[in-house]
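Trainee:
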Amino acid sequence: TVVTLVMVSLPLFWKLTVEDTTPLHSLSITDKGLIETPFVTLLVLGSHAMDNKFSEEEFQQAEQLLQQMAGKEVEFELTCILKHADMMVAKTSLPESVPCSFNVPHMVLWRN
């Protein structure tokens, strides 16, 4: 499944958000529905920044690149759905041009 997203920035982290969730509804992933705005966290700021896998230099480069990408659409694929009692996520395959500080980029679809 290919999803078109728009880059947005929050004070605590950079993320991709899904504006049109229509393609996700066809997955029939849960009877509980999706969270209001499914998202992929790309870079964590503030006190949780140590969750990032980047060095300080890589972090600064990624943040600068994400600032340049803010508001732009990005397409990526959902490669698999992972279900847990408290959460459901979709593993994602991001374009190389999109920095992500996590080893396994994923979209949060549902939370308890």
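If you count the sequence shown from 1, position 89 lands on 605 in the working numbering, and the numbers rise without skipping.
Idealized CB from N, CA, C, for every residue including glycine.
Since this is a predicted model, take the numbers as computed values, not measurements.
Where does HIS600 sit, in a helix, a strand or coil, going by DSSP?
Mentor: coil
Trainee: Our contact map puts ALA578 next to PRO611 with C-beta atoms below 8 Å; I'd like the distance itself, whole angstroms only.
Mentor: Contact doesn't hold; Cβ gap of about 14 Å is too wide.
Trainee: Tell me, please, which residues DSSP counts as bridged to ALA606.
Mentor: ILE597 and MET623
Trainee: Would the beta-carbon of VAL556 fall within 8 Å of that of THR595?
Mentor: no
Trainee: Using beta-carbon positions only, say whether LEU582 and LEU561 come within less than 8 Å of one another.
Mentor: Contact: no.
Trainee: So, is SER613 buried or exposed, given that buried needs 16 or more other C-beta atoms within 10 angstroms?
Mentor: exposed
Trainee: Just the Cα atoms here: how many angstroms apart are LEU540 and GLN576?
Mentor: 32 Å
Trainee: Could you give the distance in angstroms between the alpha-carbon of LEU559 and the alpha-carbon of PHE618?
Mentor: 8 Å
Trainee: Please report how far the alpha carbon of LEU550 lies from the alpha carbon of LEU625, in whole angstroms.
Mentor: Answer to the nearest angstrom: the Cα atoms are 5 Å apart.
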